[in-house]
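K.L.:
According to mature numbering (1 follows the signal peptide of the UniProt record, and there is no 0), the residues represented by the sequence shown are -16 to -1, 1 to 408, in order.
Every residue, glycine too, gets a C-beta built ideally from N, C-alpha and C.
The structure's right below; bear with me while I get my questions together.
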Amino acid sequence: MLKALVLLAALTVAAAEPSPNAELVEKLFGAASGSRYSNNILQDALLDAPGLIRKYGYPVQVHNVVTQDGYITQAHRIPHGRDANNTPGPRRVVLLVHGLMCSSADFLVLGPGNALAYVLADAGYDVWLANARGNYYSRRHLFLNPNDREGLDFWKFSWDEIGNRDLSALVNHIVRTTGEQKMHYIGYSQGTTAFLVLNSLQPRFNERFYSFQALAPAAFNENGQNSIRDIFVHFEFILEAVANSLGFGEIMGGEGWRETIANLGLTFCNDLSPLQPLCANIIMGGGDLENFNKTMLPVFLGHNPAGAAIRQIIHYSQVQRFKRFARYNHLSPADNLFRYGSLTPPEYDVSKITVPTYLHYGKNDAQANYEDVLLLGERLGNTVGIYEIERESFNHFDFIWGGDVKTQLYDKLVDIMKTVDSTQ
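Rendered as structure tokens:
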């Protein structure tokens, strides 16, 4: 059945490419008879991000951006709305940046009327969706090969480079392309980390942003818990050394990882498995499933995980272990000395960030603990507001997948941006 849907999707959406985990979706749901999922849901699980945008009648552009160190990252642009504000022309820009092991699709999968990218486009914004180096859409380099398991040079980066190199190149590209000198920024989880890195290391970029809205901000980690990072927190150097020796530079992105995920998925997530509720619980980070739309399970699995470098997780583990929001701590102190001029990596000075900042957190978010969010707010250079999501059970993944996220959060984001626009 799914092969027919792939063909139908390709005919429906010109130049459509498969989603990161389209083969996994076919293995999980293709053999099920009488599937509970509609053809529309299964198509959304199979289409890539530009294909999703085209399918729902929104304009889309694909931009390939070359960074200073040779990575080729891909951004997806929705220049105007479909249901409203649908006349082409200049408008204010908003840049959306995804979380760890995620992609631009995170702001699309809930569909028109609910997904943040469409909400913002219909609200009158020129929407740009970033993809960090190393994910499904940004596995290219001018001369390095992501599949080279000998040198692993492609994968020698963390979210430090994503903020310092990827974001700076993309912001400059947006300014050149649109003529707009400033933009709004909305980051989710790692997307907030990248913004903090960019503007603390290169404070001149503060001038490029009207506002910074941080969803589940990930910076200081003195109180939060993260199941993946907790595993690595005392073994990050060993993990990096072992990964290097085995030729693994990425996590949740290559064919080997996808095969492992597929085998686990066949046990827990397939449409006939009695363990499917457990699968949904794992996807939601162990949080409350009350507002998890279970009919969207194939779509979430089709687009996540989208890949990342192992160093990205190691870097977060270092922050948690040493209680310092600092640059990447390399295996060799001599390497740190060469890169930073000190034996230990310097901390990011977030007080240099003067962009008007709005922090949004959920009380049930174990990965972005509210005490750490408050600490970040105290140290930033221009915190305008810190907002707690009304629903008590709102967790880390509800920011992008929650069934009520539009009313709980997205409408407020638009209101804040419109207020900022009215004063600048």
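If contacts are defined as beta-carbon pairs under 8 Å, then ASN313 and GLN302 qualify, I think. What distance do you get, rounded to the angstrom?
P.N.:
5 Å
K.L.:
Is the segment 352 to 364 close to the segment 387 to 404, with three or more CB pairs under 8 Å?
P.N.:
Taking 8 Å as the limit for Cβ pairs, the verdict is that the segment 387 to 404 does not touch the segment 352 to 364.
K.L.:
So is LYS39 buried or exposed if we call it buried at 16+ other beta carbons inside 10 Å?
P.N.:
Buried: at least 16 other Cβ atoms inside 10 Å.
K.L.:
Per DSSP, TYR371 forms a beta bridge with which residues?
P.N.:
As computed with DSSP, TYR371 is found in a beta bridge with HIS344.
K.L.:
Are the beta-carbon atoms belonging to GLY233 and ASN5 less than 8 Å from one another?
P.N.:
no
K.L.:
Are there three or more Cβ pairs, one per stretch, closer than 8 Å when the segment 85 to 101 is compared with the segment 146 to 166?
P.N.:
no
K.L.:
Using 10 angstroms around the beta-carbon of PHE383, count the other beta-carbons present and answer buried if the total reaches 16, otherwise exposed.
P.N.:
buried
K.L.:
Whose C-alpha, out of ASP106, ILE373, HIS64 and LEU315, is nearest the C-alpha of TYR342?
P.N.:
ILE373
K.L.:
In chain order, what are the residue ranges of uninterrupted beta strand (DSSP E) at least 3 long that sit wholly in the segment 304 to 349?
P.N.:
341 to 345
K.L.:
Grab the span of the alpha helix (DSSP H) containing SER195 for me, first residue to last.
P.N.:
Run containing SER195: none in the alpha helix (DSSP H); it sits in the beta strand (DSSP E), 193 to 199.
K.L.:
Only counting runs of 3 or more residues, tell me where the beta strand (DSSP E) segments fall wholly within the segment 129 to 198, in order along the chain.
P.N.:
167 to 172
K.L.:
With DSSP run on the structure shown, which of helix, strand or coil describes TYR110?
P.N.:
Residue identity check: residue 110 is Asp in the sequence provided, not Tyr. Here ASP110 sits in strand by DSSP.
K.L.:
Give me whichever residues DSSP pairs with LEU279 in a beta bridge.
P.N.:
The sequence shown places Thr at residue 279, not Leu. DSSP, once it has assigned bridges, lists no residue as partnering THR279.
K.L.:
Please say whether GLN58 and SER3 have beta carbons closer to each other than 8 Å?
P.N.:
no
K.L.:
Can you grab the Cα-Cα spacing for the pair SER173 / HIS82, in whole Å?
P.N.:
7 Å
K.L.:
Could you pull the DSSP bridge partners for GLN392 from this structure?
P.N.:
Answer is none; GLN392 lacks a bridge partner.
K.L.:
Which partner residues does ALA300 have in the DSSP bridge list?
P.N.:
It should be pointed out that residue 300 corresponds to Tyr in this sequence rather than to Ala. Paired residue(s): none; TYR300 is not in a bridge.
K.L.:
GLN58 bridges to which residues according to DSSP?
P.N.:
Paired residue(s): ASN48.
K.L.:
The beta strand (DSSP E) that contains LEU80, what's its start and end?
P.N.:
It spans 77 to 81 - the beta strand (DSSP E) in which LEU80 sits, taken as one unbroken run.
K.L.:
Just how far apart, CA to CA, sit HIS64 and VAL404?
P.N.:
20 Å
K.L.:
Which term fits PRO317, buried or exposed, when burial requires 16 or more other beta carbons within 10 angstroms of its beta carbon?
P.N.:
exposed
K.L.:
Return helix, strand or coil for PRO74, following the three-state DSSP convention.
P.N.:
coil
K.L.:
I'd like to know whether the C-beta atoms of HIS299 and SER142 end up nearer to each other than 8 Å.
P.N.:
Cβ atoms of HIS299 and SER142: closer than 8 Å.
K.L.:
With the cut-off set at 8 Å, would you say GLY163 and ALA198 are in Cβ contact?
P.N.:
No. Outside cutoff.
K.L.:
Would you mind working out which of PHE381, THR338 and LYS336 sits nearest GLY346, comparing C-alpha positions?
P.N.:
Of the residues PHE381, THR338 and LYS336, the one whose Cα lies closest to the Cα of GLY346 is PHE381.
K.L.:
Skipping 5 residues on each side, what residues in its chain have a beta carbon closer than 7 Å to that of GLN408?
P.N.:
TYR194
K.L.:
How would you write the range of the alpha helix (DSSP H) that ASP28 sits in, first residue to last?
P.N.:
Counting along the chain, the alpha helix (DSSP H) containing ASP28 begins and ends at 23 to 30.
K.L.:
How would you call GLY369, buried or exposed, if buried means at least 16 neighbouring beta carbons within 10 angstroms?
P.N.:
Classification of GLY369: exposed, given that the 10 Å Cβ count is below 16.
K.L.:
Helix, strand or coil: which one does DSSP assign to ALA352?
P.N.:
Coil.
K.L.:
Over the uninterrupted alpha helix (DSSP H) stretch that includes LEU8, give me the two end residues.
P.N.:
6 to 13
K.L.:
Once the 5 residues before and after GLY175 are set aside, which same chain residues still bring their CB inside 7 Å of it?
P.N.:
VAL81, HIS82 and GLY83
K.L.:
Keeping to the same chain, check which residues put their C-beta closer than 8 Å to that of GLN52; ignore five residues upstream and five downstream.
P.N.:
ARG149, SER152 and ALA153
K.L.:
How many angstroms separate the CA atom of residue 493 from the CA atom of GLN351?
P.N.:
Beyond the ends of the chain as shown, which are -16 and 408, falls residue 493; an answer cannot be given.
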